[in-house]
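In this note's numbering, the protein residues as written are 199 to 327.
Down below is the structure, laid out as C-alpha cells.
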C-alpha cells in the first residue's frame with residue numbers, strides 16, 4: 199500500500215546531486231494532511247518539479263558542451279528539469295478531479311536520462327491502494 203503524495207514531498211533524480219521538493223498548486227482543492235494532494239499530471243518542470251542542483255547527465259546538451267570544453271572530463275551543470283510525460287503509474291483506482299492520484303512508488307522521467315523518484319511523500323497519514 200502506497201502513500202498519497204502531496205506538496206512538500208521530497209524527490210530525487212538519478213542525474214542530480216541534491217534532493218528537490220514537489221510543489222503542488224491548490225487548484226485541485228483536495229488536500230491530504232492539510233497539504234495540496236498530487237496527481238500524475240503534476241510533472242511540470244520548475245512549477246511542480248524544481249531543480250536537483252547540478253546535473254551530471256552526458257545527454258544534457260549543457261553538460262555535454264561543458265564536458266567537451268573540459269577536454270572530456272564530465273562537468274556537471276545546473277539542473278533544469280526536462281520532464282515531458284506524467285508520473286507513472288500512480289494509483290488508477292483513486293482519482294482527484296478524474297485524474298489518477300500520485301503515490302510514493304511512482305516515477306517520472308527527465309528527457310536528459312534522469313529518473314525522478316519520490317523519497318518522502320510529504321505526509322504519512324494517508325494510504326492509497
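From the three backbone atoms N, C-alpha and C, an ideal C-beta is built for every residue, glycine too.
For the region 283 to 322, which segments carrying the beta strand (DSSP E) assignment without a break, of at least 3 residues, lie completely within its bounds, in sequence order? 289 to 294, 297 to 299, 305 to 307, 313 to 318
What do you get for residue 298, buried or exposed, if any count of 16 or more other CB atoms within 10 angstroms of its CB means buried? Burial call: buried.
Do residue 263 and residue 271 have their C-beta atoms closer together than 8 Å? No.
Buried or exposed: which applies to residue 321, given that a residue is buried once 16 or more other Cβ atoms fall within 10 Å of its Cβ? buried
Cβ separation of residue 286 and residue 304, assumed to be a contact under 8 Å, to the nearest whole Å: Contact holds; Cβ gap of about 6 Å.
Exposure of residue 281, with buried meaning 16 or more beta-carbon neighbours within 10 Å: buried
Which residues bound the beta strand (DSSP E) around residue 208? 208 to 211
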